[in-house]
Structures are given as structure tokens and as C-alpha cells.
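Residue numbers (our numbering), protein chains in the order written: chain A, 1 to 479; chain B, 1 to 150; chain C, 1 to 487.
Yeah, the Cβ is synthetic: ideal placement off N, Cα and C, and Gly gets one too.
Report on one structure; see the data block that follows.
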Amino acid sequence: MAESAGFIPVIGLEVHAQLLTRTKMFCRCPAVFGAEPNTMVCPVCLGLPGALPSVNRKAVSMAVRLGLALGCRIEGESVFARKNYFYPDAPRNYQISMYDRPLCSGGGLRFEDGEEEVSVGLERIHLEDDAGKLLHGRSGHSLIDFNRCGTPLVEIVTLPEIDSPRRASLFLQNLRHVLSYLGICDGNLEEGSMRVDVNISMRRRDDKALGTRTEIKNLNSFKAVEAGLEMEIDRQRKVLRSGGSVVQVTNLWDAGEKRLVTMRRKEQAHDYRYFPEPDLPTLVVDAAWIEDERAKIPELPLERARRFRREYGLSAYDARVLTAESDIADYFEKTAGMTGEPKMTANWVMRDVLREIKTYGGDTGSFPVGPEELSGLIGLIKDGVISTSAGTEVFTGMLGSGEGALEAVRRLGLERISEKDEIEAIVERVLGSCPDEVERYRGGKRQLIKFFVGQVMKESAGKADPKVATELLRRRLDS
Amino acid sequence: MTAARYGQSKDGAYSQYTDAGVDIQATNRFDSPAPLRLVSVEKEREVRLKLTDMEFGDLEALARIDLGPEERDRLRLQLGRILGFVRKLQEVDAGEQEETGPALTGRLITASDEPGECLEREEVLGQAPDREDGFFRVPPVIDREGGAGS
Amino acid sequence: MSGLAGKSVGELLALYRKGRASPAEAVADCIDAIDSRDMAVGAFLEVFRDEAMSRAEELENEDPESLPLYGIPVAVKDNICTRGLPTTCASRMLSGYRPPYDATAVERLSAAGAVLVGKTNMDEFAMGSSSEHSAFRRVINPWNEECAPGGSSGGSAAAVSAGMVPAALGSDTGGSIRQPSSFCGVTGLKGTYGRISRYGLVAFASSFDQIGPIASDAEGCALLMQALSGPDGKDSTAISEDCPDLLCALDGGLSGITFGVPEELGGWDLDRAASSALDEACRAVSAFGEAPERVALPGMETSIACYYVIANAEASSNLARFDGVRYGLRESSDSLYSLYASTRTEGFGEEVKRRILLGTYVLSAGYYEAYYGKAQSVRKMIRKAYRDVFSRIDLLMLPTTPGPAFRLGERLDDPVSMYLSDIFTTPANIAGLPAISIPAGLSAEGLPIGIQLVAGAGREDLLLRGARGLEKIFRFRERFVPGGGEA
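See below:
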């Protein structure tokens with residue numbers, strides 16, 4: 001994918017994210033998924049004659065919070081605008097969006113690409129509402145469900161600063177991560193709670209002038225973004241290299257065939273006739289509101305992962321896995337704080353907790369083993385009360401019963417045997433049953449100690465403390 | 001970098017607008033169809049603005065209105081006359097202005113995120129011109145035009 | 001005029017409170033009046049006989065003192081949503097449409113004890129100044145069957161004027177309450193922009209539209225305005241403070257109020273009736289205090305040009321929702337594009353199409369700055385000029401219309417001349433100011449002519465005080481009735 005013939009891709013992204021509010025952007029219908037069609041609607045989101053919009057304060061709060069988290073300037077006054085176009089999923093045949101006075105401007109997203117820290121600048125963030133859903137009916141008709149219509153969206157527009165498809169995909173993944181940490185969007189491309197349109201042009205390496213842009217819509221996964229961009233870059237490069245010029249088109253990503261389909265030119269020209277929304281006065285966001293939202297911003301993923309590496313000595317990989325979801329990261333930190341063993345805690349969380357948590361709804365809320373319980377378990381292993389392998393069994397036991405670690409250990413009878421007398425007895429039995437090996441050991445094959453330890457462990461069903469067993473064996477064998 | 005202003009193409013050019021009697025070229029705003037040409041014709045002391053057939057056709061398309069030939073001629077002339085009348089605005093000195101925005105009634109009062117009542121589905125679909133089960137029905141929608149979230 | 005239907009709102013309330021009449025009797029009388037007179041007038045598109053009678057009967061159990069509009073039969077313009085009842089905006093596009101919700105104004109009317117009697121005829125989608133642009137039938141002026149009643153609230157004005165109901169609701173975007181009130185010899189009030197919630201008013205021009213009362217006198221308008229006004233969370237442009245107490249203000253008298261008259265009027269060719277009404281008003285006012293001062297204001301022609309650009313731009317967008325998809329008319333088709341185009345071409349009348357095209361044009365790429373952008377700047381300038389004037393005077397006084405009602409059919413072929421009949425009324429919509437038309441006298445041909453008062457933002461109290469004061473001078477209602485002759 002290296003640049004050749006001196007052309008570099010210039011990529012910009014336009015992301016739409018559905019906000020996790022209870023109600024819609026301009027009316028108080030519930031913003032829910034999966035209801036019976038056309039049951040979550042009212043005169044406003046249906047575009048009935050005489051209906052008027054009223055702005056959801058929580059949506060504004062979330063957008064302000066996002067803007068602050070991304071270092072944007074929050075405009076004290078912003079203006080909603082009508083975007084006029086006819087389409088059956090738009091009940092008013094205009095969308096209420098923002099145009100030349102958006103809520104946030106500037107800012108950017110920083111993220112890591114391997115060792116490198118990358119920053120992609122933003123042009124703006126604004127609020128608007130979602131359209132209804134179109135489906136195919138019998139006999140080829142189109143069917144419309146307006147439940148989704150009116151759901152609050154933030155539109156995030158980047159500067160055309162992304163220089164590779166992989167960076168574009170990384171940007172989106174990191175953006176999703178921030179949205180999730182802020183609790184404002186679950187960022188699922190497949191389900192459509194986050195959508196992205198990309199635009200791409202090619203410029204000559206030494207030339208600042210941008211080439212003609214083409215657009216790609218309907219990309220429904222991070223991989224599709226990368227693949228779609230690769231294809232389009234390839235295509236544009238071929239055109240330019242052969243001396244042709246790129247025509248401004250919009251392409252749709254066909255997820256089934258994994259290819260780009262060009263939209264007919266006629267459908268692409270739009271005169272949206274933007275003008276300020278007369279039904280909504282100027283949106284004023286004052287300093288107090290901004291500070292309220294600023295206080296709600298948690299430690300963001302990039303900073304949190306870095307701190308994990310610093311404070312807990314974790315690897316970059318481990319830090320990334322543990323900070324992928326903020327509630328898992330919280331869980332880890334709580335537990336590590338109690339155990340004092342960050343690396344060990346990390347392993348337990350990444351391996352065992354993450355494996356099992358899917359069965360319990362995917363978040364720590366209803367997970368039976370909480371930080372106290374896990375730290376109890378880790379403590380028992382650390383103190384040698386049980387062996388590491390016994391620990392796994394105990395964990396499973398705790399999941400099923402909801403018990404604390406110690407109770408589970410006792411119930412399962414997994415305490416490690418460390419009483420010297422008990423182990424001595426086992427040592428005698430083992431040595432007694434393997435006289436040949438004893439002779440060979442005394443004859444010089446010192447590595448047989450491992451065999452003897454293994455036998456003691458077998459005899460004790462894994463409960464003997466291997467250190468104590470080793471010491472006792474040596475004493476007996478060497479005497 | 002300046003944000004786009006209404007009616008302005010992304011590279012900042014305004015429509016060239018000169019006195020009546022001269023060809024007026026509209027700038028191509030990003031995403032808009034080919035430039036419109038407005039020809040003004042002085043008739044006695046009244047300024048009429050005559051839109052060409054093509055322009056009027058584009059206008060009908062934008063508004064999703066399909067006029068018959070007679071209606072079209074009549075409306076085209078009337079529109080020209082009305083535009084001639086409202087062109088007076090060009091001569092008015094509006095003085096210094098702050099940013100545009102709807103500003104008759106103070107600042108926006110936002111609403112709390114508390115669910116309200118929805119309509120019953122029969123109220124919603126009961127008057128639908130065409131429906132299929134719980135959905136509104138329309139002729140097949142082919143290509144995805146520009147719109148919300150896409 | 002005898003009979004309960006022809007009483008003023010105040011008179012009817014007094015009769016109820018004295019036990020000398022009942023809501024059922026009043027409603028029955030209205031229905032009789034409608035049945036006998038409306039064939040010739042065409043004010044009503046729907047009459048809700050059964051609903052009105054049963055509501056009236058329910059009210060017998062309520063205390064007349066407890067409800068400010070107890071038992072008052074009211075007609076509502078057909079662009080205001082009435083739940084489960086036809087709301088057509090006098091358009092084929094909404095023929096048969098029944099909204100699933102009530103406009104806030106309708107809810108408040110009912111809550112105040114009023115009885116909804118029917119929906120009135122109008123210019124289609126409130127676009128017009130003559131009520132000749134109704135898709136169903138035109139409205140006739142009760143004073144002269146060859147004349148238009150004005151518009152777009154011609155049905156509401158005619159209904160009150162002909163004594164069919166004591167009060168009606170209209171809507172005013174460029175003068176649509178005041179101009180027909182002037183032509184029909186009744187009192188029509190448009191409040192400050194945002195005074196009455198627009199939720200449920202089918203939008204024409206969002207930043208101009210206001211619902212308002214039409215009644216036979218200022219007191220009737222005050223009573224209705226008081227009941228309808230107030231904040232509404234569903235309308236983000238509604239004023240968040242309550243209306244001042246209008247009933248208290250009514251009888252404040254004319255002295256102590258400063259008046260102004262636009263100096264531009266001197267250059268206008270007013271109908272003799274209009275200019276003599278204005279003269280009489282000025283004389284009356286001078287008797288109570290200072291003579292009205294001549295005030296310089298932005299040109300009315302500028303105002304109306306500004307209005308036509310912005311209002312139609314907003315209208316072109318507001319009317320986009322009428323597309324045959326979810327409600328109303330649908331002209332079946334195989335393709336989506338022609339579904340839209342044929343539905344809208346069939347469903348909209350010519351005036352509506354004209355305005356949609358004009359509005360689309362002024363918003364379109366390349367023309368936005370020259371037309372819409374410029375008009376918005378001009379609007380700001382006009383608003384500021386009026387703010388300055390109202391810091392010096394209390395009330396502006398001028399004729400409501402340049403002359404009395406024009407003949408039916410006279411202005412249909414010339415839209416610009418039709419638009420110019422709104423010339424004195426649109427400034428109040430541009431500036432968002434409250435304004436009222438009160439009947440002043442008759443022209444030589446026996447047609448009513450009105451005088452308009454405009455107040456500063458929020459000053460409906462001053463407005464109604466001035467209106468009441470002038471009303472007592474003109475004594476129109478005592479002196480004249482439609483159909484010629486003295487009362």
C-alpha cells in the first residue's frame with residue numbers, strides 16, 4: 001500500500017453517533033431499539049402538520065461533554081438549521097441539523113498507532129436527528145418505520161488529515177472507545193449506532209492542493225472502512241496515473257460483495273437550501289453548563305492505558321486489553337488495589353474474568369465475582385493457601401455459588417497441605433514405592449527430584465505445597 | 001479555516017450580482033446542480049426577471065411540483081414579477097449586522113430527557129395513504145440519497 | 001342584532017352569570033344562525049353540532065364564574081388542529097385529514113370553558129388575502145356579497161361579522177387576522193410573536209405565524225387572548241412569561257398614552273374612508289392628550305418585500321411535509337419522485353405553488369445571499385427601528401388596510417397587487433409586535449374600514465387599553481350592521 005507515482009491519499013471522516021438519551025432529540029418519545037414498528041412516535045417525529053421541535057437538554061449535555069473531551073471550542077451560541085431534501089425516511093422532508101454555527105469546532109483525537117502517537121484534527125461537532133428506517137416490503141415496495149426517527153445524533157467531522165486507510169480505521173476505533181468511556185454512545189458500526197462516511201482524494205506528495213474528493217457510504221465495520229478505502233485509493237491512483245481526472249462521485253459499500261458501487265450521478269446533486277431553523281431560538285451554552293459537563297469527563301482511554309503501564313508496570317498490550325471497557329478497567333483497579341499484585345490481578349482479569357463475563361451480560365454489573373471476591377482468591381494463592389491450579393477450580397466454584405474465596409476453598413476441600421507431618425508421611429510413602437529411582441538419584445541423577453515432587457503432588461491430589469515437599473525430599477534423599 | 005456560510009460555495013465566492021440589465025451568474029455551491037443563469041430584461045420602468053425554462057424546471061424539481069405548460073408559463077412570469085418587486089431589498093442599507101440566527105424570542109429553553117406520551121399505532125397508521133402491516137408503504141426507494149446519518 | 005349568537009363575549013358571559021341564558025341555548029342559537037346564513041357566506045367548512053351541544057350540556061354542571069370563557073361558542077380556523085375532527089387548511093391536500101392531537105390553543109380554549117362550534121374557511125394554507133384561494137369554496141363578505149371578506153382568516157372574520165358566533169380563532173402571518181377583521185367590521189388581535197403557542201397551528205411562515213382571537217369588540221379579544229396565552233414547553237418560540245393582565249388594562253382610558261402615526265402615510269394614496277377614519281382617530285386621541293406624533297419608520301414596501309422573501313422561504317420548507325407518504329392526499333404512482341410530484345401538484349392550489357416556488361428559489365444555491373440573506377438583514381434593521389420608536393411612543397396608529405374590501409375576483413390575476421393589500425399589516429409581523437384592528441366606520445359604499453394599533457413587544461395591555469378607548473369613540477357596533485343600515 002505504499003504511495004507510488006507520488007500520490008498520497010487524503011482522507012476525511014464524517015461520523016454519526018447515536019446518543020444514549022432516554023428520549024429523542026426534538027420530542028419526548030422514548031429512544032429505544034426493537035419496539036413494534038411505528039409505536040414510538042408522536043406528532044413531532046412523524047412530521048404531522050402543526051408539530052414543533054423542542055430540544056433535549058441531555059443530548060446537548062452529551063455533545064458538550066464530547067466536545068470537551070476532544071479539546072474542541074464549545075460555542076456559547078449555536079444555531080440549528082434546516083437541511084431540506086425529499087426522502088421517505090425524513091417525515092418533514094427536512095432534517096434539523098446545524099450548519100454554519102455548530103456547537104463545537106476545532107479539537108482533535110489523539111491515539112496510538114503502534115509506538116507512534118497520532119493526532120487527527122476535527123473540523124466540528126454538531127447535533128441533529130436521525131431518520132426513520134426503510135425496509136423492503138412484499139412486491140418490491142419500500143416500508144417505513146419511524147421509531148428511529150428523531151433519535152439524537154452527534155455528527156463529528158474530521159479535517160482531511162488522515163493519510164492511510166489503517167489510520168482511518170484506528171481513528172474510528174479510538175473514537176468509539178472515547179464515546180464508550182463518556183457513556184454517550186455504544187459505537188457499534190454493525191448495528192448502526194455509529195455510522196461513518198469517508199471522503200478521499202489524492203494529492204501529489206509535494207503539492208498542498210487537494211484533488212477531487214469521492215465519498216464512500218454504508219461502511220458497516222472497521223474492516224470495511226479499511227477495505228473500501230484501499231479499493232478507492234487504488235482506483236483513483238489508476239485513473240490519475242493514466243492521465244485522467246477523478247470525477248466527484250459517491251460510492252456505496254456493498255457489504256455482501258465487498259465492493260464499491262457508484263451511485264447514479266443524478267441522485268448525487270443536492271441543494272439542501274440550508275437556513276436557520278425558525279422554530280428553535282439560538283442555543284446558549286454558558287460557562288456553568290460547560291463546567292458541569294467537564295466535571296463529568298472520566299479519565300479517557302489513552303491516558304488510562306498509559307497510567308496503567310506506568311503505575312502497574314503492565315505491558316502496552318495488557319494495558320490496552322484492560323482499558324478496552326471502562327468498567328473492566330475499574331474492576332481491575334479496584335481488585336489490584338486490594339491485592340497489591342497488579343500483574344497477577346491483570347492475568348486473572350484478562351484470562352478468567354474476561355472469558356466468563358460474556359455469560360453474564362458482558363459487563364461487571366451482574367458478574368458474581370466482584371473485586372473483593374477476586375482479591376480474596378488472589379490473596380489465598382499469594383499466601384500459598386492454595387495452588388495456582390486449584391485457584392482456577394475455586395474461581396469456577398465461586399462463579400456458580402456466589403461464595404467468597406475462602407468458603408469455596410473449604411467447600412471444595414482444596415486447601416494446600418503444608419503441615420510438615422502430613423507431607424512427611426506422603427514423602428515416606430513415595431520414597432518407599434520407588435526404590436529404583438531413589439537409588440538412581442543417590443547415584444547422581446539429581447534431576448529425579450522433579451519426579452519425586454511430581455509423585456508427592458499426585459499422592460496429595462495437588463494439595464501439597466511443592467516447596468515444602470521438595471525440601472523434605474532432599475533431606476530424606478541426601479541423608 | 002472559515003466555516004461555510006449560507007449560500008456561499010466552499011471556496012468563498014459569492015454570487016456576482018450587478019444592476020438590472022446584466023447577465024447574472026449564480027455560483028455553484030458545493031453539491032448543487034449546474035449554475036443557473038438569470039437574465040433580466042428591462043421593460044419600461046418595471047424590472048422583470050425572466051427565468052429560463054430550464055431554470056424553472058430545476059425549481060420545480062427541487063420543490064417536487066410538476067406544472068402543466070400553461071400553469072408553468074403563468075407562474076414563471078408571475079414569479080419574475082414578484083422577484084422584480086422583492087429586488088427592492090437590494091437597495092436597502094441594512095447597516096451593521098451581527099451573525100445570522102433566528103432571534104425573535106430570546107434563547108432556547110431546552111427540555112428534560114423524560115419520556116412523554118406516544119401516539120397509538122392506529123392513530124398513526126389509520127390515515128396512512130398506503131400501509132403494509134405496521135409500516136407506511138411507498139413505491140420502491142432505489143438509491144440512497146443524502147440524508148440523516150448518511 | 002338579536003339572539004345569543006350575535007352577543008359579544010362579555011355580554012354572553014354576563015348573561016350566563018346572571019342565569020339569564022345557558023350554554024346550550026347559545027350554542028343552539030349559533031347553529032341556527034349558521035344554518036340560515038352560512039349558505040350565502042361560506043364561513044364554515046365543518047360544523048360540530050353534536051359535539052358542541054353535548055359539551056354545552058356538560059357545562060351546565062360547572063359554575064359560570066369559575067371558567068373565564070364559560071360556554072362561549074368559538075369557531076376555529078381550519079389550520080388549527082382539532083383532535084379527531086377535520087383539519088384541512090382549506091386544501092385538497094388535507095381533505096379528510098383528522099389530526100390525532102389538539103393544538104395547545106384548542107386545549108386551552110376548552111379548559112377555559114369555551115365550546116368549539118366548527119372550523120372556518122380560509123385561504124389555502126393561510127396563503128392569501130381574500131379567502132378566495134380555498135380549495136372548497138370562497139368566503140363572501142357579509143357586508144356585501146360581491147366583495148371578499150379578506151384573508152386568510154376570512155371565514156373566522158365573516159363568522160363573527162355575520163353574527164354566527166361571538167368569537168373565532170384566526171391566524172396572522174402578514175395580516176391574516178387584522179385585514180379580514182378590517183374588511184368585515186370586527187375586532188382582530190395578533191399578539192406579540194410567541195404570545196400564543198403555535199403547537200398545532202399548521203405552519204405557514206414559522207417566524208411570523210401567530211394564532212389570535214377575532215371578536216366583536218376589544219373585551220372579547222382580551223378575554224380570549226388571556227385564556228390562550230402563556231408558556232408552552234412544546235413550542236420553543238413561545239414566550240416564557242405570562243401575558244400581562246389584559247382585563248385590568250382594558251378600561252385604563254386614552255389619556256396618558258402617547259400615539260404615533262407613520263409619517264410615510266402622507267405619501268400613500270389612501271381610500272377616503274381609510275383617511276377619514278385615521279383623522280377621526282387622531283382627533284379623538286388629541287382630545288385626551290397629545291396629538292399623535294409623526295414617526296419615521298422603514299418603508300412599508302421594504303417591509304413587505306422582506307416579508308415575502310422570508311415568509312415564503314419558510315413556507316416552502318414547512319410545506320415539504322405534504323408528500324402523500326404518511327397522511328393526506330396521495331396520487332398513486334410507481335416511482336417515488338412522481339408520487340411526490342403528482343401529489344403536490346394535485347393537492348396544492350396555484351397560490352400555494354407560487355409561494356413554494358418563490359420560497360424555494362430564494363433559498364437556492366447562489367441566490368441565498370441576495371434574497372434570503374439580505375431580507376434577514378433588512379428584517380433586523382426594521383425590528384431595531386421599531387424598538388427605537390416604541391421607546392418613545394406607546395402605540396402606533398394607522399389604517400389596517402389602504403381601503404375597504406375589494407371585489408371578489410378583482411385581484412386574483414395580479415399577485416403583487418394582492419400582496420400589497422397587506423402593506424400596513426406586515427410590519428407588525430416582521431417586528432414580532434402585537435397589533436389589533438378595530439372597526440372605525442363605513443366607506444361611502446357601506447363597507448367597513450378598520451384602524452390598527454401596534455404596541456411594543458409584550459405590551460398587549462397598552463394595546464387593548466388603546467383599542468377599548470378608540471372603540472368607545474367609534475361606536476361601530478352600536479351604529480352599523482352588515483346588510484346595510486343602522487343597528
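| query | Just curious, the alpha helix (DSSP H) that isoleucine 436 (chain C) is in, first and last residue? | reply | Premise fails: isoleucine 436 (chain C) lies in the beta strand (DSSP E), 435-442, not in any alpha helix (DSSP H).
| query | How would you write the range of the alpha helix (DSSP H) that methionine 93 (chain C) sits in, first residue to last? | reply | For methionine 93 (chain C), there is no enclosing alpha helix (DSSP H), as DSSP marks it with neither H nor E.
| request: Would you mind reading off the limits of the alpha helix (DSSP H) that contains leucine 280 (chain A)? | output: Per DSSP, leucine 280 (chain A) belongs to no alpha helix (DSSP H) and is neither H nor E.
| request: Compile a chain-ordered list of the residues in the segment 152-170 of chain A whose CB is closer than 7 angstroms to at least one CB of chain B. | output: Using a CB distance below 7 angstroms, the part of the segment 152-170 of chain A facing chain B consists of Leu153, ordered along the chain.
| task | Using DSSP bridges, identify the partner residues of phenylalanine 7 (chain A). | result | In DSSP, phenylalanine 7 (chain A) forms a bridge with A:Arg204.
| query | Any C-beta of chain A sitting closer than 7 angstroms to the C-beta of aspartate 93 (chain B)? | reply | Answer no: the Cβ-Cβ gap between aspartate 93 (chain B) and chain A never drops below 7 angstroms.
| task | Please specify which runs of the alpha helix (DSSP H), each continuous and at least 4 residues long, are wholly inside the segment 343-396 of chain C, giving them in chain order. | result | Taken in chain order, the complete alpha helix (DSSP H) segments of 4 residues or longer contained in the segment 343-396 of chain C are 350-363, 374-390.
| Alpha carbon to alpha carbon, what distance is there between isoleucine 449 (chain C) and glutamate 478 (chain C)? | The straight-line gap from Cα to Cα measures roughly 15 angstroms.
| said: Less than 6 angstroms between C-beta atoms, sequence neighbours within five positions excluded: which residues of the same chain meet that for isoleucine 423 (chain C)? | reply: Counting only Cβ-Cβ distances below 6 angstroms, and skipping sequence neighbours, we find Met300, Ile304.
| query | Are proline 371 (chain A) and threonine 335 (chain A) close, meaning C-beta to C-beta below 7 angstroms? | reply | It is a contact, given that the beta carbons lie within the stated cut-off.
| task | Report the rounded CA-to-CA distance for arginine 496 (chain C) versus phenylalanine 44 (chain C), giving the unit in angstroms. | result | In the structure as shown, chain C starts at 1 and stops at 487, and residue 496 (chain C) therefore has no counterpart that could be examined.
| task | Per DSSP, which residues does threonine 214 (chain A) bridge with? Please list them. | result | According to DSSP, which records beta bridges pairwise, threonine 214 (chain A) is partnered with A:Ile200.
| field | Exposure of phenylalanine 33 (chain A), with buried meaning 16 or more beta-carbon neighbours within 10 Å | value | Exposed: under 16 other Cβ atoms inside 10 Å.
| Which residues, in chain order, does the segment 72-89 of chain A contribute to contact with chain C at a C-beta distance below 7 angstroms? | Against chain C - using a Cβ distance shorter than 7 angstroms - the residues of the segment 72-89 of chain A are Arg82, Asn84, Phe86, Pro88.
| request: Output the distance between the C-alpha atoms of aspartate 113 (chain B) and threonine 23 (chain A), rounded to the nearest integer angstrom. | output: Between aspartate 113 (chain B) and threonine 23 (chain A), the alpha-carbon positions lie close to 6 angstroms from each other.
| task | Check the DSSP bridge columns for isoleucine 96 (chain A) and list the partner residues they point to. | result | According to DSSP, isoleucine 96 (chain A) bridges with A:Arg82.
| query | So who's on the other strand from threonine 158 (chain A), going by DSSP bridges? | reply | BP columns for threonine 158 (chain A) point to A:Leu122.
| field | Positions along the segment 292-305 of chain C whose CB lies within less than 9 angstroms of some CB in chain B | value | Identification of residues in the segment 292-305 of chain C having a C-beta nearer than 9 angstroms to some C-beta of chain B yields Pro298, Gly299, Glu301, Thr302, Ile304, Ala305, given in sequence order.
| said: Can you confirm whether glutamate 70 (chain B), when its beta carbon is compared against all beta carbons of chain C, has any partner nearer than 7 angstroms? | reply: False, the Cβ-Cβ gap to chain C never drops below 7 angstroms.
| Considering serine 142 (chain A), what are the terminal residues of the beta strand (DSSP E) in which it resides? | Note, serine 142 (chain A): beta strand (DSSP E), 142-145.
| query | Using the C-alpha atoms, what's the distance from leucine 4 (chain C) back to valine 138 (chain B)? | reply | Rounded to the nearest whole angstrom, the C-alpha separation of valine 138 (chain B) and leucine 4 (chain C) is 51 angstroms.
| Who are the neighbours of proline 129 (chain B) on chain C, taking C-beta pairs under 7 angstroms? | Those within 7 angstroms of proline 129 (chain B) in chain C are Gly324, Arg330.
| task | Count the other CB atoms, across all protein chains shown, that sit within 10 Å of the CB of valine 186 (chain C); report buried if there are 16 or more and exposed otherwise. | result | Result: buried.
| chain C contact residues for proline 102 (chain A), given Cβ-Cβ distances below 8 angstroms | From the beta-carbon of proline 102 (chain A), no residue of chain C is found nearer than 8 angstroms; the closest lies around 18 angstroms away.
| Does any residue of chain B bring its CB to less than 7 angstroms from the CB of asparagine 220 (chain A)? | No, asparagine 220 (chain A) lies away from the interface with chain B (no Cβ there is under 7 angstroms from its Cβ).
| query | Just curious, the alpha helix (DSSP H) that lysine 382 (chain A) is in, first and last residue? | reply | Residue range 371-382 is occupied by the alpha helix (DSSP H) that includes lysine 382 (chain A).
| message | Going by C-alpha to C-alpha distance, which of C:Tyr97, C:Ala114, C:Cys30, C:Arg108 sits closest to alanine 162 (chain C)? | response | The shortest CA-to-CA distance from alanine 162 (chain C) to any of C:Tyr97, C:Ala114, C:Cys30, C:Arg108 is the one to C:Cys30.
| task | Measure from the C-beta of valine 118 (chain A) to each C-beta in chain E and report whether the shortest distance is under 7 angstroms. | result | Considering every chain present, this structure includes no chain E. Its protein chains are A, B and C.
| message | Restricting to runs no shorter than 3 residues, where is the beta strand (DSSP E) found entirely within the segment 239-307 of chain C? | response | Within the segment 239-307 of chain C, the runs of beta strand (DSSP E) at least 3 residues long that lie entirely inside it are, in chain order, 259-262, 293-295.
| Mind checking whether arginine 74 (chain B) and arginine 344 (chain C) have CB atoms under 7 angstroms apart? | Not closer than 7 angstroms, so no.
| query | Is it right to say tyrosine 419 (chain C) is buried, meaning 16 or more other beta carbons lie within 10 angstroms of its own, or is it exposed? | reply | Sixteen is the threshold: when 16 or more other Cβ atoms of the shown chains lie within 10 Å of the Cβ of tyrosine 419 (chain C), as they do, the residue is buried.
| field | Contact with chain C by arginine 64 (chain B), beta-carbon distance below 7 angstroms | value | Yes - at least one Cβ of chain C is within 7 angstroms of the one on arginine 64 (chain B).
| field | is_contact[phenylalanine 135 (chain B), chain C] using C-beta, thresh 7 angstroms | value | Output row for phenylalanine 135 (chain B): interface = no.
| Where does phenylalanine 26 (chain A) fall in DSSP's three states? | DSSP places phenylalanine 26 (chain A) in coil when its eight states are reduced to three.
| query | In the structure shown, what three-state DSSP assignment does leucine 12 (chain C) receive? | reply | Three-state DSSP puts leucine 12 (chain C) in a helix.
| task | Please report how far the alpha carbon of aspartate 394 (chain C) lies from the alpha carbon of aspartate 123 (chain C), in whole angstroms. | result | So the two alpha carbons sit approximately 33 angstroms from each other.
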